[in-house]
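Same order as they appear, the protein sequences are chains R and S.
Under our numbering, the first residue of the first sequence carries the number 1, and numbering increases by one thereafter.
Under our numbering, the first residue of the second sequence carries the number 226, and numbering increases by one thereafter.
Using N, Cα and C, we set each Cβ at its ideal position, and we do this for glycine too.
Heads up: the structure comes next, in structure tokens.
Number of protein chains: 2
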Amino acid sequence: MDTQELTELFRASFPFWDRLSDIDRETFLNSSQNVYFEKGTNIHNGNECTGVILIKSGSLRLYILSDEGKEITLYRLFSGDLCIFSASCVLDTITFDVFVDSEENSECVVVGGCAYEDVSRRLPEVKIFTLEAALSRFSDVMWVMQQILFMSMDKRLAIFLLDEISKTGGDTVRLTHEQIAKYMGSAREVVSRMLKYFSSEGIVEVSRSSGIKILDKKRLRALTV
Amino acid sequence: MDTQELTELFRASFPFWDRLSDIDRETFLNSSQNVYFEKGTNIHNGNECTGVILIKSGSLRLYILSDEGKEITLYRLFSGDLCIFSASCVLDTITFDVFVDSEENSECVVVGGCAYEDVSRRLPEVKIFTLEAALSRFSDVMWVMQQILFMSMDKRLAIFLLDEISKTGGDTVRLTHEQIAKYMGSAREVVSRMLKYFSSEGIVEVSRSSGIKILDKKRLRALTV
Chain R
1 MDTQELTELF RASFPFWDRL SDIDRETFLN SSQNVYFEKG TNIHNGNECT GVILIKSGSL
61 RLYILSDEGK EITLYRLFSG DLCIFSASCV LDTITFDVFV DSEENSECVV VGGCAYEDVS
121 RRLPEVKIFT LEAALSRFSD VMWVMQQILF MSMDKRLAIF LLDEISKTGG DTVRLTHEQI
181 AKYMGSAREV VSRMLKYFSS EGIVEVSRSS GIKILDKKRL RALTV
Chain S
226 MDTQELTELF RASFPFWDRL SDIDRETFLN SSQNVYFEKG TNIHNGNECT GVILIKSGSL
286 RLYILSDEGK EITLYRLFSG DLCIFSASCV LDTITFDVFV DSEENSECVV VGGCAYEDVS
346 RRLPEVKIFT LEAALSRFSD VMWVMQQILF MSMDKRLAIF LLDEISKTGG DTVRLTHEQI
406 AKYMGSAREV VSRMLKYFSS EGIVEVSRSS GIKILDKKRL RALTV
């Protein structure tokens, strides 16, 4: 990626870009790296400062991890999104550890945390952008929390399946029960049991080779309300 | 509370106070109200804009509520603290509904949400203060989430009891099992069962009249690691 392309990416990602001084733009450009993450790579690991990640293609998954290795997915990021929680040194009020993995082969640009923090500390507009970017994810995380704590499993699985097909198109979810359980912060057994129930009701068709096919979207939707 | 006292409270609560213009200070002062909330009052209810609440004495509890009426306590606020989530119009990236109750008889000052938002929109320093105040609670909420989702009940109850006695002093927790369950986002039966277990182990002594007395703090602490 040449400087021209990088500048365009920054302009699209940072609303303050055109108002930065030449020196600050240099700081951003010089501290940035093109990074290619293969599917399944752990990119950020707790409270180190990996930097601000811009996703050019692919997808990243943010999650928290218990001492016993249990994961809960907070949210996923896609092309055009920006990951701010991987820059721990920029957000000093954030004291919990977030993990980031690439879910697909992903092309990213990583802006060095120290360079970003240096600009953000001096320019209120950059600071406000950063805080708002972080705070906007608070709502996503609360949504996940409410899903897990308040909702019954059938409702949650129905919402998950509908979300998946609306994201990927088509009518089939090509994820294993294990993967679904991980995304939902649940256990594989619970997911399998519920899918079996959906299947017996004629709502989905589950096959090892082709995944989970939604047969009755209307009834699945009825479960979500 | 006269203007002099109110000014002192604002100076102590808002680090930007001395840098506000006279007009902006007037805006804050004129939009503020002394409010006394009796113990158990619901102060804020979802996404209305109640305003920014400064707690002079007493305590407030923030929680989320499921459709079925299940509550999960996010955190509590005490004298000197500031509640920003009750001013929904100030934080437009926050889309989840938070509820606020007074836990004790509480004296508060409520700064009108519109007045606050007007100043915050114009002055970056105020905006940054507001966003940081909100974001700093993200970590508290994640802590609660991890407690509920990852930890076993004995560990969680041990931490809760130790927290309580360190806050109130003494060695006795004067809360009902129902109240403890509510604070922990658990069920009364679960709390009672675990307290019975702690009691049978000689860690606590439970009595209807005087609450939960911690007999063996060392063993209770051992459960928390």
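Backbone CA spacing between residue 263 of chain S and residue 400 of chain S [nearest angstrom]: 18 angstroms
Strand pairing of residue 479 of chain S, partner residues [DSSP]: Not covered by the structure: residue 479 of chain S. The range shown for chain S is 226 to 450.
Status (buried if at least 16 other CB within 10 Å, exposed otherwise) for residue 326 of chain S: buried
CA-to-CA distance, residue 227 of chain S to residue 235 of chain S, given in whole angstroms: 12 angstroms
Residue 63 of chain R vs residue 74 of chain R beta-carbon contact at 7 angstroms: yes
8 angstroms Cβ cut-off: residues of chain R touching residue 359 of chain S: 135, 138
Interface residues of chain R facing residue 371 of chain S [CB-CB closer than 9 angstroms]: 64, 66, 72, 96
Nearest neighbour of residue 310 of chain S, chosen from S/360, S/383, S/340 [CA to CA]: S/360
Beta-carbon proximity of residue 125 of chain R to residue 28 of chain R, cut-off 7 angstroms: no
Distance CB(residue 449 of chain S)-CB(residue 384 of chain S) smaller than 7 angstroms: yes
Uninterrupted beta strand (DSSP E) stretches inside the segment 258 to 282 of chain S (no shorter than 3 residues): 267 to 270, 277 to 282
Residue 21 of chain R classed as buried or exposed, judged by whether at least 16 other C-beta atoms fall within 10 angstroms: exposed
C-beta contact flag for residue 398 of chain S and residue 387 of chain S at 7 angstroms: no
Helix, strand or coil at residue 412 of chain S according to DSSP, with G and I counted as helix: coil
Those residues which DSSP pairs with residue 63 of chain R across a bridge: R/73, R/99
8 angstroms contact criterion, which residue 370 of chain S and residue 415 of chain S should meet: CB distance rounded: With a Cβ gap of about 18 angstroms, residue 370 of chain S and residue 415 of chain S do not count as contacting.
CA nearest to the CA of residue 115 of chain R, picked from R/108, R/139, R/90: R/90
Where the beta strand (DSSP E) through residue 90 of chain R begins and ends: Where residue 90 of chain R is concerned, there is no enclosing beta strand (DSSP E), given that its DSSP letter is neither H nor E.
Spatial neighbours of residue 205 of chain R in its chain, beta-carbon cut-off 6 angstroms, leaving aside the 5 residues before and after: 213, 215
Min CB distance residue 184 of chain R to chain S below 7 angstroms: no
Pair within 7 angstroms by beta-carbon distance, residue 329 of chain S and residue 283 of chain S: yes
Residue-chain proximity (residue 55 of chain R, chain S), Cβ-Cβ < 7 angstroms: no
Assumed close pair residue 296 of chain S, residue 407 of chain S - CB separation to whole angstroms, cut-off 8 angstroms: 6 angstroms
C-beta contact flag for residue 108 of chain R and residue 35 of chain R at 7 angstroms: yes
Any C-beta of chain S under 7 angstroms from that of residue 93 of chain R: yes
Min CB distance residue 127 of chain R to chain S below 7 angstroms: yes
Limits of the alpha helix (DSSP H) - the one that residue 117 of chain R falls within: 113 to 122
Between the CA atoms of residue 5 of chain R and residue 271 of chain S - distance to the nearest angstrom: 44 angstroms
Burial state of residue 432 of chain S (16 or more Cβ within 10 Å): exposed
Test: residue 375 of chain S CB closer than 7 angstroms to a CB of chain R: yes
Spatial distance of residue 366 of chain S from residue 217 of chain R (CA atoms): 35 angstroms
Cβ neighbours of residue 427 of chain S in the same chain (closer than 7 angstroms, five flanking residues each side left out): 440, 441
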